[in-house]
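First up is the structure itself, then whatever we jot down about it.
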């Protein structure tokens, strides 16, 4: 199996020498940043916030230039809304940067401490990842957030904003670097990439970039996942389900169904499909149809749901569609097992919930559904780093391996084993001269 | 960036429908296995060991058939040695399976427990990954080890042995499945793939396989890493360094240098390069040259090392070569920073060590070297899951993200968030009706 083959990512061009050089410079700066103390990194993030404050007028002006270009190009209104910064939104983002400064340090935590033998002591310590590659669509506020999370956790970052936000991003990153100038953190730890060629090249910077964080559409995330060997923190789809079990409390089920769909329909943790047990479907839908209609939600049903009053038919592909809108599929299932099978087939392993008063159904659901979040009698909208109490959210991952689900600052660190000895050699343990104690020491 | 493009792994053929079906069957079996209790999984692994015991004669006979074919084909002696099972080696492997049965359960551990609000409680629980794809070269004993680790941790496995071990693997997997038949674990959780086509198809089973574990040559690992989107647990290179600092204890430095190179030269955690501070190089090499010669180690030096008596010149590429043999590069460095820079350029972020009595040098080295293992005054050969006290080693990862370094059973589990409420909805927290407590609860 070791014949020479075309590398998998050959569809993406090799990074040019200039990009390699810039990335190597960020990596060197990140190594210096990684040696900074908690207090130094905290102060650096505070300095970034101060610099953003000082540059507010300049940033808002740059944003107006982006908005003018967007208007001239007829950018979609949803994108324009994300692109737009005003004084309040900018001030909110700067407050967010200060909140990141105040977060507990994720670096230098001892996760394991073992005496392997007398005088031979092993530790596992959390350390920064190195360099993050962050690719945004629109959303200049996200640049401030991610840059501050990166510096707080000791990581450098290559930041690639969307073309539509190029003036805003340039002004923001210039301010952030000015802020770092007076701090212990080298300003070169943050670098802005501007061209599409550079953002494609970023995907090929294995060995220089440790984690890619995409912030944008599902299509952007999928493209990135398909075109890089670097680990990607994110998720393409968020097809979440709510199961209304035979033994559900009707009012409770309807309450969480409405919240899960309507509280913020564009969110990845909003539900796309209701799976209703056939025994409760007539009663549930009798109450649910008017409630969803009142909330402006368009329902699309399978045959059984349509027979119970859902007006539109769920077309082919409906069960695999993330609407990100006030549209909801409704399927009547024979039993809980059929609901589980539907989730296995159509879910994206993001977050799935059940409404039930039956402990056996609850237990079966919570054990059998293989999603990052499995919820009982509450809204799927709670699947969020801030709501989970992480203080910040770097992203939500639907991959199997950790970090999984909503990821806080801990997603930006890894660990390293440190072993200190006094001349210990392995041969002594192989021939029985010495033996391991493997004695746990206090963390 | 969302145009349609060729998928990255198009060089590897799409898995055929039959393989997809078999993999889906393993996944279903793995989901059932994932619901088994600790005691059931432990008993299942014991039953696997019993079945191997009962099938010993049959397995050894199958292995003799493989050896005869290998002899006819003129297989390299090193591969034949790995391929060969005898009664003692098989008995040792079966004892290994029983040891895996006895390991502490990695599943169902509560890693986080938080009250988000009254009646709304979040848990993070360790759960099996799902299905492992394991690709071996030769080494039928590794099949027994990995299969038992998979079942112990609640994971199904698609096992692909090397062609040269096909009879041995078939006999082993048949025995393992017979063992599972009397247990709570469905025998279909283990499945043997036999053709090269199937092992290429395995690399494309995203969504059905959660982790690929390659057990073989660096070339095999690199091929797999380059041709799959599924996470790979492993490492291609193991280029490890020992720095002999200006302030090293000469006898101690020589002792750990010899052990790091010679205790098992083919291991990935053996050193390939010595970096010797110029101030200590004359004294160190005066003692080291005869010691390495006596140990049968061939030294290859840079100009300065050759001037101090190293006879062979390190040719181009020497610093990037994993010899896996009794060959060692020697470079004289100006200072510690030059050694760190050499490791940054040529290391594979596996394990690097320093011999020094100077606390400042030790601290600088342990903080600045970005490898999975950073060691002080001890042999690099300690970088091993068993020596670290993990009870078993699934593999050693040189990737940045966790799991990193030697990985025990914990590398075969992930986690899931479980949230239980009483009708809680997100809207109540958005509008201030309720607020989060984020109160830590006992684990």
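Chains as they are written, first to last, in the working numbering: chain A, 733 to 1175; chain B, 733 to 1175. C-beta: ideal position from N, C-alpha, C; glycine also.
Where residue i meets chain A, residues with beta-carbon distance less than 9 Å
| i | result |
| --- | --- |
| residue 1016 of chain B | Those within 9 Å of residue 1016 of chain B in chain A number zero; the least Cβ separation is about 15 Å. |
8 Å Cβ cutoff, residue i in contact with chain B
| i | result |
| --- | --- |
| residue 924 of chain A | no |
| residue 1156 of chain A | yes |
| residue 942 of chain A | yes |
| residue 995 of chain A | yes |
| residue 1110 of chain A | yes |
| residue 1114 of chain A | yes |
| residue 776 of chain A | no |
| residue 752 of chain A | no |
| residue 991 of chain A | yes |
| residue 1006 of chain A | no |
| residue 970 of chain A | no |
| residue 1049 of chain A | no |
| residue 1028 of chain A | no |
Backbone CA spacing between residue i and residue j [nearest angstrom]
| i | j | result |
| --- | --- | --- |
| residue 917 of chain A | residue 834 of chain A | 17 Å |
| residue 725 of chain B | residue 1058 of chain B | The structure shown does not extend to residue 725 of chain B, since chain B spans only 733 to 1175, so no value can be given for it. |
| residue 937 of chain B | residue 1156 of chain B | 38 Å |
| residue 1005 of chain A | residue 1069 of chain B | 58 Å |
| residue 893 of chain A | residue 1146 of chain B | 32 Å |
| residue 884 of chain B | residue 751 of chain A | 46 Å |
| residue 968 of chain A | residue 981 of chain B | 55 Å |
| residue 1095 of chain B | residue 793 of chain A | 47 Å |
| residue 1135 of chain A | residue 1036 of chain B | 47 Å |
| residue 814 of chain B | residue 964 of chain B | 23 Å |
| residue 958 of chain B | residue 961 of chain A | 8 Å |
| residue 1000 of chain B | residue 1063 of chain B | 20 Å |
| residue 887 of chain A | residue 1103 of chain B | 16 Å |
| residue 1085 of chain B | residue 1050 of chain A | 57 Å |
| residue 907 of chain B | residue 977 of chain A | 42 Å |
| residue 924 of chain A | residue 876 of chain A | 12 Å |
| residue 997 of chain B | residue 1056 of chain B | 5 Å |
| residue 872 of chain A | residue 769 of chain A | 29 Å |
Short CB-CB distance (under 8 Å) between residue i and chain A
| i | result |
| --- | --- |
| residue 1134 of chain B | yes |
| residue 919 of chain B | no |
| residue 988 of chain B | yes |
| residue 872 of chain B | no |
| residue 1107 of chain B | yes |
| residue 810 of chain B | no |
| residue 984 of chain B | yes |
| residue 1104 of chain B | yes |
| residue 819 of chain B | no |
| residue 963 of chain B | yes |
| residue 966 of chain B | no |
| residue 1137 of chain B | yes |
| residue 734 of chain B | Because the pLDDT of residue 734 of chain B is 34, which lies under 50, any placement of that residue in the model is unreliable, and the question is left without a value. |
| residue 780 of chain B | no |
Amino acids of chain B, ordered along the chain, whose beta-carbon sits closer than 9 Å to that of residue i
| i | result |
| --- | --- |
| residue 846 of chain A | 1120, 1121 |
| residue 1060 of chain A | Under the 9 Å cutoff, chain B gives no residues; its nearest Cβ is about 16 Å from residue 1060 of chain A. |
| residue 947 of chain A | None at all; the shortest Cβ gap to chain B is about 13 Å. |
Simplified DSSP state of residue i, which is helix, strand or coil
| i | result |
| --- | --- |
| residue 827 of chain A | helix |
| residue 996 of chain A | coil |
| residue 715 of chain A | This structure does not reach residue 715 of chain A, given that chain A is present from 733 up to 1175, and the question cannot be answered. |
| residue 892 of chain B | strand |
| residue 1001 of chain B | coil |
| residue 1161 of chain A | helix |
| residue 1075 of chain A | helix |
| residue 1153 of chain A | strand |
| residue 1030 of chain B | strand |
| residue 915 of chain A | coil |
Proximal residues of chain B, C-beta to C-beta of residue i below 8 Å
| i | result |
| --- | --- |
| residue 767 of chain A | 1099, 1100 |
| residue 824 of chain A | Correct list: empty, because the minimum Cβ distance to chain B is about 15 Å. |
Closer than 8 Å at the beta carbon, the chain A residues around residue i
| i | result |
| --- | --- |
| residue 837 of chain B | Near residue 837 of chain B there are no residues of chain A at all, since even the closest Cβ is about 15 Å away, more than 8 Å. |
| residue 1174 of chain B | Simply none; closest approach about 16 Å. |
Subject >> Residues, ordered as in the chain, of the region 1157-1169 of chain B that lie near chain A by beta-carbon distance below 8 Å >> reply: From the region 1157-1169 of chain B, only 1157, 1158, 1159, 1161, 1162, 1168 have a Cβ closer than 8 Å to chain A.
Subject >> Near-chain B residues of the region 1143-1155 of chain A - C-beta to any C-beta below 7 Å >> reply: Within the region 1143-1155 of chain A, the residues whose Cβ lies closer than 7 Å to some Cβ of chain B are 1146, 1147, 1148, 1149, 1150, 1151, 1152, 1153, 1154, 1155, listed in chain order.
**OP:** Below 7 Å between beta carbons is the criterion; list the residues of the region 841-866 of chain B that meet it against any residue of chain A, in chain order.
**Re:** Against chain A - using a Cβ distance shorter than 7 Å - the residues of the region 841-866 of chain B are 846, 848, 852, 854, 861, 862.
Subject >> Members of the region 871-898 of chain B near chain A, C-beta cut-off 8 Å >> reply: Listed by position, the residues of the region 871-898 of chain B near chain A (Cβ gap below 8 Å) amount to none.
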